[in-house]
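Q:
Residue numbers (mature numbering (1 follows the signal peptide of the UniProt record, and there is no 0)): -16 to -1, 1 to 178.
Structure, rendered in structure tokens:
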């Protein structure tokens, strides 16, 4: 009976190891970028977008707890300072879904992801966010957070990667804070897996 239990345990361990992700499932990241006077669609045009004299620098952590063959699901928490014409602080948290390690070239692997959650700021930031808050007679303090991201690394096992992200806050057509939009920023960052 003990041998049977041991055999079942070994088979279960081997199966779990095959399904487990190849690398670590937690990471820490830092980023910086520039805020935009544009909606989400226009903001994706990184080079031609209408930028404000406002900037954002932040950091965050991600933990992935569900894995399939090519996708991972987890959560993200982050905090940032927004500065330029004003100085405000933002904190956000949400679920993240990621497609793992598409090979684009010999040493270039892409992992696109999207984060959806909530974003809180201590005050609306000068520029587009403050202008939209006045226009909608809304409150941009607590709105939705939606962030598409492209993460690049040199191998699936690499601990380090470089990413671009659209840092997007919105009331989602007046669902939260009576806001349609809020703010957007194109940011670039570095990620370390641990």
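Using N, Cα and C, we set each Cβ at its ideal position, and we do this for glycine too.
Bear in mind the structure is a predicted one, so any value in this text is a computation, not a measurement.
1) Rank 88, 84, 102, 156 by C-alpha distance to the C-alpha of residue 95 and give the top, closest one.
2) To the nearest angstrom, how far is it from the Cα of residue 161 to the Cα of residue 137?
3) In terms of residues, what are the limits of the beta strand (DSSP E) holding residue 180?
4) What do you reckon, are the CB atoms on residue 57 and residue 79 nearer than 9 Å?
5) Taking the CB atoms as reference points, tell me whether residue 112 and residue 21 lie closer together than 9 Å.
6) Our contact map puts residue 41 next to residue 16 with C-beta atoms below 8 Å; I'd like the distance itself, whole angstroms only.
7) Along the beta strand (DSSP E) that carries residue 141, what are the first and last residues, could you check?
8) Taking the C-alpha atoms as reference points, what is the distance between residue 68 and residue 39?
9) For residue 70, which option in 97, 86, 87, 36 has the closest C-alpha, if you only look at C-alpha atoms?
10) Secondary structure at residue 52, three-state DSSP: helix, strand or coil?
11) Less than 7 Å between C-beta atoms, sequence neighbours within five positions excluded: which residues of the same chain meet that for residue 146?
A: With the structure as the only source:
1) It is 84 whose Cα lies nearest to the Cα of residue 95.
2) Distance between the alpha carbons of residue 161 and residue 137 is about 38 Å.
3) Since the first and last residues shown for the chain are -16 and 178, residue 180 lies out of range.
4) Residue 57 is a Cβ neighbour of residue 79, given a cutoff of 9 Å.
5) Their beta carbons are under 9 Å apart, which means residue 112 touches residue 21 by this criterion.
6) About 4 Å; that satisfies the 8 Å criterion.
7) Run containing residue 141: none; DSSP gives neither H nor E here.
8) When rounded, the distance between both Cα atoms is 6 Å.
9) For the set 97, 86, 87, 36, the Cα lying nearest the Cα of residue 70 is the one of 36.
10) Under the three-state reduction of DSSP, residue 52 is assigned to coil, being neither helix nor strand.
11) Apart from the 5 residues on each side of it in sequence, residue 146 sits with its Cβ closer than 7 Å to the Cβ of 136, 174 in its chain, given in chain order.
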